[in-house]
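**Q** The sequence shown begins at 1 in full-length UniProt numbering and counts up by one.
A virtual CB, placed ideally from N, CA and C, is assigned to each residue, including glycine.
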Amino acid sequence: MGTVVDSPQRLNEFRPISLVGSLYKILAKVLANRLRLVIGSVISESQTTFVKDRHILDRILIANEVVDEARKSNKELMLFQVDFEKANDSVDCGYLDDVMGRMSFPTL
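1) Assuming V51 and I43 make a contact with CB atoms under 8 Å, what is their CB distance in whole Å?
2) In terms of residues, what are the limits of the alpha helix (DSSP H) holding V82?
3) For S22, which three-state DSSP category applies?
4) Taking DSSP as the reference, what is the three-state secondary structure of V51?
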């Protein structure tokens with residue numbers, strides 16, 4: 001095992017395990033910057049969560065406005081809610097790879 005340096009200054013003075021978190025942060029930043037370029041073209045306008053400047057409560061507020069307008073104008077209205085399971089529990093990875101390839105995302 002190598003010598004432990006109290007205040008490492010150079011890359012070769014760090015222990016490899018201590019760099020894992022840094023590598024993850026760098027990779028995450030690179031991926032986020034690349035996705036930022038195309039995110040607007042692949043995310044629907046109706047997507048309200050996990051998108052900058054959109055909030056999960058936006059859908060609830062819109063639904064309330066629709067109900068209020070229907071009541072004021074005496075229009076019939078039917079609402080329903082669909083409870084989807086988590087997407088990562090049911091998406092076929094092969095299908096996802098195919099869709100991303102058709103959208104010109106590079107393969108891994």
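**A** The structure says:
1) 6 Å
2) It is not in any alpha helix (DSSP H) - V82 carries neither H nor E in the DSSP assignment.
3) helix
4) coil
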